[in-house]
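In the numbering used here, the protein residues as written are 25 to 1063. Think of the CB as a built atom: it goes at the ideal place given N, C-alpha and C, for glycine as much as any other residue. Quick caveat, the model's predicted, so the values are computed rather than measured. First the structure, in the form of structure tokens, and then the observations on it.
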Amino acid sequence: MLDFDPVYRLNIRLARTSEGIVLLYLFDEFVLDTDQRELRRDGRAIPLQPQVFDLLEYLIRHRARVVTKDDLISAIWGGRIVSDSALTTRINAARTGIGDSGEAQRLIKTLPRKGVRFVGTVREAPREAESAVAPLKLETSALVVGRTAPLGMIDQMARHVLSGKRQMAFVTGEAGIGKTAFIAKAIERLTEQGFDLLYGRCTERFGTDEVFLPLIDALVNRYRTNGPELISAVRTHAPTWLLQLPGAIDASERAAFQNEVFGATRERMLREFCDLLEALSAGRPWVIVLEDLHWSDFATLDVLSRFARGNGEAHVLVLCSYRPADSVIGGHPIRRLHQDLQIHGCCSELLLDRLSPQEVGHYLALRFHDAELASTLSKPVFERTLGHPLFVASLLKHLIDQEWIVEVDGRWRLSSQDAFARDGIPDSLLKMIGHELERLTDNERRLLDVASVAGEEFSAALVAAGLSDDAIDVERDIEALMRKDHILVRSGVAEWPDGTYSGTYAFRHILYQNIIYQNLPPGHRAQTHKRLGKRLEEAYAGRTGEIAPELALHFEQGRDFPSALRYLGEAAQSSMKRLGHAEAASYLTRALGILDRFDAADKLSTRIALLRQRSLALRSGGDLVGSIRDLQDVIACAEQVGEIKQQLNGLMAVSSLWLRVDRHACLEAADDVLSRSQALADDTFKALAQGSSASINLFLNGWRDQDATLCDRAIELSASATNYGILIRRHGISGIVDCWRSRYQQCRRAGTEGKRLARMVGDVYTFVLFNVLESIALIHLGEWRELQREITAGLELAVRNANDPSSALCRLTLAWLHVEAMDFEGARELCESVDDSLLVGDQSTYFHKRAVLAKAFVGLNDPLGARKQFDDIERRRREEGIDIEFTAATQVYHCLGEYCLLIGDFTQARRWARQLHDYVASAPDLNHLAKAHELLARIAFGLGDSGNALPHLSRALEIVDDADFPIASWRVYGTAAEIFARYGDVDRAATYRLRFVETVRRLARNFEPEDRLHKSLLAGLATRTAQLEAMTSLPLRPA
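Printed below as a string of structure tokens:
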């Protein structure tokens, strides 16, 4: 395929049903298609805004008369008030689209004080007649040669797609081989078969750093042409992607969706995009085009891998292009992905080779409509170009420009038979491009110099800023250059937030841009980057986040390092919102590198801020070690400037991150906080730091009065705080102390408020910590309906978010609820549904799972199953040299006592019951203290030791009668009913039996009658009640 326009802009409009006769308006080389709502030039779509298209169509329909301003406002804007400038802007946009201008007024003429009239010659034809009139001005860019086999493969894949079999193909080849032109031809064939289109492309400058860039580009392009249908599908099947589409939802809805996707992972976005494609294709087939994947971000490749390996029905063909050589040189993984998919039969390759001598001859015959000339040229053209399509096209243009090939009386001929023997013909593509550039005027070269800095695609307004020139004049100069040469093509229009409106253009091939850019003097290049950055910054004032990566690049290359740092930070924030945590970290790494290149007055404080931001990005992406490493660097920087608060903030964050995975490191950091805090003069912050350290010790090492005192002081001094950092730590300290003291309502409030604050700032890790506290409180309060609702909703969200660790924690929390509700089999199933591989790095969750499983096996009367859990706990404790945190330790000690009773080992049962008692008595944790006394009473009763049984039972009853501990209460009341019945105290036995029944029924009322837990509680109640009633007939024991 030969194409003067390899950077073919594929803004294909979607066909829609229209009433009446569908007309094509034909003028010059343009076709205005009223059905497709598309303006085409030589078969290529020219992007127009909807109002501009409507205006152009109205002018052409009413070309027999002058159209007044009121006519246009009535027809296009429905009579709404429209300023003269808005109307003029749309008229100029229509002129730009059809190659006209306000100065030339060749097609759209303004008649002063009268109106506007379309004055071009127009032919009307039914839509079917387009193919008949298209050859009126057929350019070489539309000619196809040498691609019969790959196009045949496209047709074959289309047939598979139409039968519901997903297809993926990689279009590969060297630069300039015609990949984009081939894809354009493929799209043309596919759309004729009813395929719809999503089109996105990667860019060299922002590719690997901008997560999901080509996919978002594809959705945004489609959204702009057919928004409502796409938004509906995205809302239903891929809500995480709704947040990626600017303007798709309003601020209030965006906040709701932020809550919906809180805690979402990249895996969820991968799954949802694949779901979206399958859903879209249920009604019609789609072709998804992603170009230049050798510049792609890695997340996009993950989407392709997932979709290609799917086995569900999908009427979708994915066409991807990349340059294999560039991917190898750059170490990009696209080639490995392609090969892996091909090995597994998940994709095809459409390798575009250079043209053969025969194919070059065929092209020449089509190009010049002269077989004799083609025969003469084919051999020297092939020998000079070796069949490289872009080189062939450029060479022919060179020969025509030099008038070595001329058109005489409608026929092309050689003006000189020795044309190819001359020294002036470049012998490589790069030299050919260089030769083309040398022929430009100084003004044209200045224009292209700035354009190359602006990017592969650019707006005239931006180039004007780089030239310090008027935008309209620059736009006119670009149009003139387009007519003279083929270096640039028109690609659409751009409208900036500040109202700037101008045409957009692109280099026909990135090789042109690269060559021009690389040859710019360094100082000129840097100055131009800075100018462009300043203009874009001004244009997007208040909305710079939308183009932060572009601004960062311009200011970085323009050596305006403070501005570059600011926009790299904004780019990182944007990536974080798209769950591109690795890409966000990459932006921040660039920022840290820039920081080393200049002297800033507050260099260390800036480094601290960037390191903190990168730490959050790494943590959110699952790289806990990398996150902690950055926090340690924060501490080191803070030490250099003597910022003790920054040191302590860093240490407290490190301690929190190590909490669940490395207790030694966690405690070491907590001790360091305590030591360094002595130097603080700020009493409140000092108390908060020391309270944070103390709360860690309480959680991991058990109760100590001195730690509790430090926590109480921190809570007291920070009572009036409003700062997020202080509040989040205050609630953490309060939650742990209140949990230790069995003040579960206060613990619950701390957990709920901590979750709210963590959600506000998007801190999933901290949210999980507070969620654990809240769940513990709800379990012990007997608020099981709320707990079940919260955790079930959390589990559903975790599954949607593809967040396996959160999903595991939710399942284990539900398992704890089930075991307390006497659904031991359900608890076991939930625990065993959690793969241990998810718990390798999480000590707390590992111990929690074993504790719940042990309780389930004891309840199932399976001592061997329970024993295995205790052995696992002990083995990990020994291997890692750690203790169990108090929330698990209380469960394990109590369960060990129950297990020993189950196997009849009263001595060991007493040992573990006593250990539980001693562990919780100092706080005191009255809830677990009551359980310890109840267990000791049962052990003593079993041994016939009434002297110890009754005092322990009395203490347990004293606690539960004066507090709301339903889990402890039903155990204590049940044991009291049993013991008093056996000792012949019938009245007291009956009293406590009734209290036991009411407590269990109260817990059962948390659930609907058909709920599994409602049934398990009532079944357990019936069994235990029958046992208690039977005891009245047993022989009495002496008290």
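So, for Q730: in the same chain, excluding its five sequence neighbours on each side, which residues have a beta-carbon less than 8 Å away from its beta-carbon?
Residue mapping note: residue 730 aligns to position 706 of the sequence shown, counting from 1. A718, listed in sequence order.
What separation, rounded to the nearest whole angstrom, lies between the Cα atoms of V882 and R995?
On the sequence shown, residue 882 is found 858 positions in, with the first residue counted as 1. On the sequence shown, residue 995 is found 971 positions in, with the first residue counted as 1. Roughly 15 Å separates the two Cα atoms.
Reference R308, options G850, V340, A279, closest by Cα
Translated into the one-based positions of the sequence shown, residue 308 becomes position 284. Per the Cα distances, V340.
Inter-residue CB distance, V487 and A475 (contact presumed, cutoff 8 Å):
In the sequence shown, the residue the question calls residue 487 occupies position 463. In the sequence shown, the residue the question calls residue 475 occupies position 451. Right, their Cβ atoms sit about 5 Å apart.
On the CB-based measure, 16 or more other CB atoms within 10 Å of its CB, does H362 come out buried or exposed?
In the sequence shown, counting from the first residue as 1, residue 362 sits at position 338. With 16 or more other Cβ atoms within 10 Å, it is buried.
Mapping DSSP to helix, strand and coil, what is A4?
Outside the shown range of the chain (25 to 1063) lies residue 4, about which nothing can therefore be said.
Beta-carbon separation (whole angstroms), R229 vs G479, contact threshold 8 Å:
Counting from one through the sequence shown, the residue named residue 229 turns up at place 205. Counting from one through the sequence shown, the residue named residue 479 turns up at place 455. With 8 Å as the limit, R229 and G479 qualify as a contact, their Cβ atoms being about 6 Å apart.
Which of the three DSSP states, helix, strand or coil, is assigned to M846?
The count along the sequence shown starts at 1 and reaches residue 846 at position 822. Coil, per DSSP.
May I have a chain-ordered list of the beta strand (DSSP E) segments no shorter than 3 residues that lie completely inside the stretch 467 to 540?
You should have 481 to 483, 512 to 519, 525 to 531.
Find the nearest neighbour of F871 within the set E853, G850, I906, D847, judged by alpha-carbon distance.
Residue numbering aside, residue 871 sits at position 847 when the sequence shown is read from its first letter. Nearest option by C-alpha distance: I906.
Determine which residues share a DSSP beta bridge with G334 and list them.
Within the sequence shown, numbered from 1, the residue matching residue 334 stands at position 310. In DSSP, G334 forms no bridge with anything.
Proximity of A878 and A851 at Cβ, strictly below 7 Å:
What you label residue 878 is simply residue 854 of the sequence shown in a count that begins at 1. What you label residue 851 is simply residue 827 of the sequence shown in a count that begins at 1. Not in contact: A878 and A851 (Cβ atoms no closer than 7 Å).
Outcome for A1043 when other beta-carbon atoms lying within 10 angstroms are tallied against a minimum of 16
As a position in the sequence shown, residue 1043 is number 1019, starting the count at 1. When all chains shown are included, A1043 counts as exposed.
If you scan the stretch 719 to 797 from start to end, which runs of the alpha helix (DSSP H) of 4 or more residues do you find wholly inside it?
729 to 741, 748 to 764, 768 to 784
Give the DSSP-derived three-state secondary structure of I800 in the structure shown.
By one-based count along the sequence shown, residue 800 stands at place 776. Reduced to three states, the DSSP call for I800 is helix.
When you compare only the Cα positions, how much space is there between V944 and A615?
Position 920 of the sequence shown, counting from 1, holds the residue named residue 944. Position 591 of the sequence shown, counting from 1, holds the residue named residue 615. Cα-Cα distance, rounded: 50 Å.
Segment contact, 8 Å Cβ cut-off, at least three pairs: the stretch 839 to 847 with the stretch 1019 to 1039
yes
According to DSSP, residues forming a beta bridge with G139
Reading the sequence shown from its first residue, position 115 is the one you call residue 139. BP columns for G139 point to L135.
Which of the three DSSP states is assigned to L162 in this structure?
For this step, residue 162 is matched to residue 138 along the sequence shown. Unreliable placement is indicated for L162, whose pLDDT of 26 sits below 50; the coordinate value is still reported in the next sentence. Here L162 sits in coil by DSSP.
Quick check on the burial criterion: 16 or more other C-beta atoms within 10 angstroms. Buried or exposed for A1054?
Within the sequence shown, the letter at position 1030 stands for residue 1054. By the beta-carbon neighbour count (other beta carbons within 10 angstroms, threshold 16), A1054 is exposed.
W428, DSSP secondary structure in three states
For the purposes of this step, residue 428 is taken as residue 404 along the sequence shown, with counting starting at 1. The answer is coil: DSSP assigns W428 none of H, G, I, E or B.
How would you call Q180, buried or exposed, if buried means at least 16 neighbouring beta carbons within 10 angstroms?
Position 156 of the sequence shown holds residue 180. Counting Cβ neighbours within 10 Å, Q180 comes out exposed, since fewer than 16 surround it.
Measure the beta-carbon distance from S742 to L712 and round it to whole angstroms, keeping in mind my assumption that it falls under 8 Å.
Numbered from its first residue, the sequence shown carries residue 742 at position 718. Numbered from its first residue, the sequence shown carries residue 712 at position 688. Contact flag correct, Cβ pair sits at about 6 Å.
Curious, which full-length alpha helix (DSSP H) runs of at least 4 residues does the stretch 911 to 980 contain?
930 to 945, 950 to 966
Identify the residues that DSSP records as bridge partners of V313: which are they?
Locating residue 313 in the sequence shown gives position 289, where the first residue counts as 1. V313 is bridged to Y223, L343.
Roughly how many whole angstroms lie between the Cα atoms of W428 and R500?
As a working note, residue 428 is residue 404 in the sequence shown. As a working note, residue 500 is residue 476 in the sequence shown. A straight line joining the alpha-carbon of W428 with that of R500 spans about 30 Å.
Helix, strand or coil at E228 according to DSSP, with G and I counted as helix
By 1-based counting over the sequence shown, the position of residue 228 is 204. DSSP places E228 in coil when its eight states are reduced to three.
Check whether the stretch 135 to 142 and the stretch 354 to 370 are in contact - that is, three or more C-beta pairs closer than 8 Å.
no
Can you check whether the CB of V430 is closer than 7 Å to the CB of V405?
As a working note, residue 405 is residue 381 in the sequence shown. As a working note, residue 430 is residue 406 in the sequence shown. No, the Cβ-Cβ distance between V405 and V430 is not below 7 Å.
Hey, out of S483, V311, R295, whose CA is closest to L186's CA?
Counted from its first residue, the sequence shown places residue 186 at position 162. The option with the nearest alpha carbon to L186 is V311.
Just to confirm my understanding: we take Q542, look at its own chain, exclude 5 residues before and 5 after, and list those with CB closer than 8 Å. What are they?
Along the sequence shown, one-based indexing puts residue 542 at 518. Hits under 8 Å: none found.
From A913, R737, K955, pick the residue whose C-alpha is nearest to that of G726; which is it?
In the sequence shown, residue 726 corresponds to position 702, counting from 1. Ranking A913, R737, K955 by Cα distance to G726 puts A913 first.
Nearest-angstrom beta carbon gap, A817 and G775 [assumed within contact, 8 Å]:
Within the sequence shown, numbered from 1, the residue matching residue 775 stands at position 751. Within the sequence shown, numbered from 1, the residue matching residue 817 stands at position 793. Going by Cβ atoms, the distance from G775 to A817 rounds to 16 Å, so no, they are not a contact pair.
Just curious, the beta strand (DSSP E) that T196 is in, first and last residue?
Position 172 of the sequence shown, counted from the first residue, corresponds to residue 196. Its beta strand (DSSP E) spans residues 191 to 196.
Looking at the structure shown, is V665 part of a helix, part of a strand, or coil, going by DSSP?
To locate residue 665, count along the sequence shown from 1; it is residue 641. Note: V665 maps to coil in three-state DSSP.
What is the rounded straight-line gap between the Cα of R114 and the Cα of L79?
By 1-based counting over the sequence shown, the position of residue 114 is 90. By 1-based counting over the sequence shown, the position of residue 79 is 55. Between R114 and L79, the C-alpha separation is close to 8 Å.
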